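Chains as they are written, first to last, in my numbering: chain C, 1 to 227; chain F, 1 to 227.
In what follows, a single structure is set out as structure tokens and then discussed.
Shown next, in the form of structure tokens:
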């Protein structure tokens, strides 16, 4: 999967990438989040920027250094990520949503730290806006759209459902129940799920997986251009 | 606050330090946590280890390198931190609880990733075990006990309440509503709250603040030894 040039058959592209988790504050101290080191998304940004593409990286909080030659848009909450994507997506030829966005966020954020009092606490959560699901239908994006599906069971089936519902070109399916890959690991093993077939990328460094994903997205972009 | 030797008047001590946040899993992907970079706790461990003390660092997930010459006990949840402290505290002369332990944890942890379905979700939380509050009464610890109080209002009052309730020797009070210090900052400005007086440590690098705290705890230890 290495050694090819992403832009051999096309011109440099603008690629929007989301990465990392989001943090949904409960009060000034407590928050709700998702496991995500951001490594996969940052590897995608690094690989994409290395091929003269313009890269816009919208990222939740991570401890990773921002790759060179990337327009970096730091965000914290799912709502902030939604607004950043809304603002930038139609500048992009390709949008890859690798972030682990919180699906639910506390209904109310308390201004002051909640004092411990009761033995139990019921936290009312409401759905966040669906960023990937808004790409086609709300933002009107018509470029190459790539989603990620982090699943613990029925991985490929759930990924294909997501592909169809969100009108993606492909979905990167990730079995996060496996302890040898995923989250904070430097390696990953994924399956690219298309409408009518799957393509497995065998276990490799996240940078190599990123090459595979960027290569595929680039091919699809050129295909769209030539049609 | 620099230049003194922590152990001038005594022998090297064993110091137990807790640091970082805890993570309370909701399902394999989602979790509840507290804002805490772990920088203050790691600075304490670094300073303490630099003075020939034995340091046991019990830490939740952070991205900080473990200081040299420290016995490192990594944990994830509040329950795991409780068990580690229970195991090691009576080997210590001084215990400093700088971790931001979750007060509440989900009542049940779901094995598989919860699928989005309803527009709202009610998350039932239960209290975690009180680690600081267990030091004297459950673990029978009789060394120097130092707590931290991260507060957003009534900072000193809340810290003094904590001091008395948990039978600490002093509590490090931290106003986390200030954006220039705290959490991910490299600086801090705290007040050491004792039973009958307060001592302010002016704004400084977290390592310098750590010197002040270790120095004070060391003094108290020697005082106890000489009584």
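Glycine included, every Cβ here is placed at the ideal spot set by N, Cα and C.
Keep in mind it's a predicted model, so treat the numbers as computed, not measured.
Next on the checklist: Rounded to the nearest angstrom, what separates residue 128/C and residue 145/F at their Cα positions?
Outcome noted: Stepping through the first chain from its first residue, residue 128/C is reached at position 128. Stepping through the second chain from its first residue, residue 145/F is reached at position 145. Distance between the alpha carbons of residue 128/C and residue 145/F: 43 Å.
Item to check | residue 196/C versus residue 33/F - alpha carbon distance | outcome: In the first chain, residue 196/C corresponds to position 196, counting from 1. In the second chain, residue 33/F corresponds to position 33, counting from 1. When rounded, the distance between both Cα atoms is 40 Å.
Checklist entry - Which whole-angstrom value describes the C-beta separation of residue 96/F and residue 217/F, a residue pair presumed to lie in contact below a C-beta threshold of 8 Å? => result Stepping through the second chain from its first residue, residue 96/F is reached at position 96. Stepping through the second chain from its first residue, residue 217/F is reached at position 217. About 7 Å separates the two Cβ atoms, so the contact holds.
Item to check | Neighbour-count burial assignment, residue 41/F, 16 or more Cβ in a 10 Å radius | outcome: As a working note, residue 41/F is residue 41 in the second chain. By the neighbour-count rule (16 or more Cβ atoms within 10 Å), residue 41/F is buried.
Checklist entry - Among 69/F, 20/F, 61/F and 118/F, which has the Cα closest to the Cα of residue 126/C? => result As a working mapping, residue 126/C is identified with position 126 in the first chain. Checked all of 69/F, 20/F, 61/F and 118/F; the closest Cα to residue 126/C is 118/F.
Item to check | Backbone secondary structure at residue 187/C - three-state DSSP | outcome: Taking the first residue of the first chain as 1, we reach residue 187/C at position 187. Residue state, collapsed to three classes: strand.
Next on the checklist: Rounded to the nearest angstrom, what separates residue 29/F and residue 136/C at their Cα positions?
Outcome noted: Counted from its first residue, the second chain places residue 29/F at position 29. Counted from its first residue, the first chain places residue 136/C at position 136. Rounded to the nearest angstrom, the two C-alpha atoms are 26 Å apart.
Checklist entry - For residue 73/F, which residues from the same chain have a beta carbon less than 8 Å from its beta carbon, with the 5 sequence-adjacent residues on both sides left out? => result The sequence position of residue 73/F within the second chain is 73, counting from 1. Within the same chain, residue 73/F has close Cβ partners 56, 57, 58, 59, 84 and 88.
Next on the checklist: Could you check whether the Cβ of residue 39/F sits closer than 9 Å to any Cβ belonging to chain C?
Outcome noted: Looking up residue 39/F in the second chain gives position 39. For residue 39/F, the answer is no, since every Cβ of chain C falls outside 9 Å of its Cβ.
Item to check | Collapsed DSSP secondary structure at residue 226/C in the structure displayed | outcome: The residue labelled residue 226/C in the question sits at position 226 within the first chain. Helix.
Checklist entry - Are the Cβ atoms of residue 99/C and residue 131/C separated by less than 9 Å? => result Along the first chain, one-based indexing puts residue 99/C at 99. Along the first chain, one-based indexing puts residue 131/C at 131. A contact, by the Cβ cut-off of 9 Å.
Next on the checklist: 9 Å is my cut-off, CB to CB: does residue 163/F come that close to chain B?
Outcome noted: In the displayed structure, chain B is absent; the protein chains listed are C and F.
Item to check | Run of the beta strand (DSSP E) containing residue 175/C, from where it starts to where it stops | outcome: For this step, residue 175/C is matched to residue 175 along the first chain. Its beta strand (DSSP E) spans residues 170 to 175.
Checklist entry - According to the neighbour-count rule (16 or more other Cβ atoms, all chains shown, within 10 Å of its Cβ), is residue 52/F buried or exposed? => result The count along the second chain starts at 1 and reaches residue 52/F at position 52. Its Cβ having fewer than 16 others within 10 Å, residue 52/F is exposed.
Checklist entry - Is the Cβ of residue 151/C closer than 9 Å to any Cβ of chain F? => result Indexing the first chain from 1 puts residue 151/C at position 151. Judged by the 9 Å Cβ criterion, residue 151/C is in contact with chain F.
Item to check | Endpoints, the beta strand (DSSP E) within which residue 233/C is located | outcome: Here chain C has residues from 1 to 227 only, and residue 233/C is not among them.
Checklist entry - Given that residue 157/C touches chain F, what residues does it touch there, using C-beta distances under 9 Å? => result The residue you call residue 157/C lines up with position 157 of the first chain. Those do not exist, as residue 157/C stays about 12 Å from chain F at its closest Cβ, beyond 9 Å.
Next on the checklist: Quick check on residue 160/F - is its C-beta less than 9 Å from some C-beta in chain C?
Outcome noted: The count along the second chain starts at 1 and reaches residue 160/F at position 160. No, because no Cβ of chain C sits closer than 9 Å to the Cβ of residue 160/F.
Checklist entry - Listed in chain order, which residues of the region 26 to 60 of chain F have Cβ atoms closer than 7 Å to some Cβ of chain C? => result 28, 29, 30, 31, 32, 33, 34 and 35
Checklist entry - Considering only the beta carbon of each residue, do residue 70/F and residue 207/F sit closer than 9 Å? => result Looking up residue 70/F in the second chain gives position 70. Looking up residue 207/F in the second chain gives position 207. Cβ atoms of residue 70/F and residue 207/F: not closer than 9 Å.
Next on the checklist: So, does the region 170 to 180 of chain C touch the region 142 to 157 of chain C, judging by three or more C-beta pairs under 8 Å?
Outcome noted: yes
Item to check | Beta-carbon contacts of residue 110/C that lie in its chain and below 6 Å, excluding the five residues immediately before and after | outcome: Position 110 of the first chain, counted from the first residue, corresponds to residue 110/C. Cβ within range, chain order: 27.
Item to check | Three-state class that DSSP yields for residue 17/F in the structure shown | outcome: As a position in the second chain, residue 17/F is number 17, starting the count at 1. Three-state DSSP puts residue 17/F in a strand.
Next on the checklist: For residue 178/C and residue 167/F, I'd like the C-alpha separation in whole angstroms.
Outcome noted: Taking the first chain and counting its residues from 1, one reaches residue 178/C at position 178. Taking the second chain and counting its residues from 1, one reaches residue 167/F at position 167. Looking at the two C-alpha atoms, the distance is approximately 44 Å.
Checklist entry - Which of the residues in the region 114 to 144 of chain C, read from start to end, lie with their CB under 9 Å from any CB of chain F? => result 114, 115, 116, 118, 119, 120, 121, 122, 123, 124, 125, 126, 127 and 130
Checklist entry - Alpha carbon to alpha carbon, what distance is there between residue 80/C and residue 8/C? => result Position 8 of the first chain, counting from 1, holds the residue named residue 8/C. Position 80 of the first chain, counting from 1, holds the residue named residue 80/C. Here residue 8/C scores only 43 on pLDDT, less than 50, and its place in the model should not be relied on; the value that follows carries that caveat. Cα to Cα, the separation comes out at about 35 Å.
Next on the checklist: For a contact defined as C-beta to C-beta under 7 Å, what are the partners of residue 186/F on chain C?
Outcome noted: For this step, residue 186/F is matched to residue 186 along the second chain. Those do not exist, as residue 186/F stays about 14 Å from chain C at its closest Cβ, beyond 7 Å.
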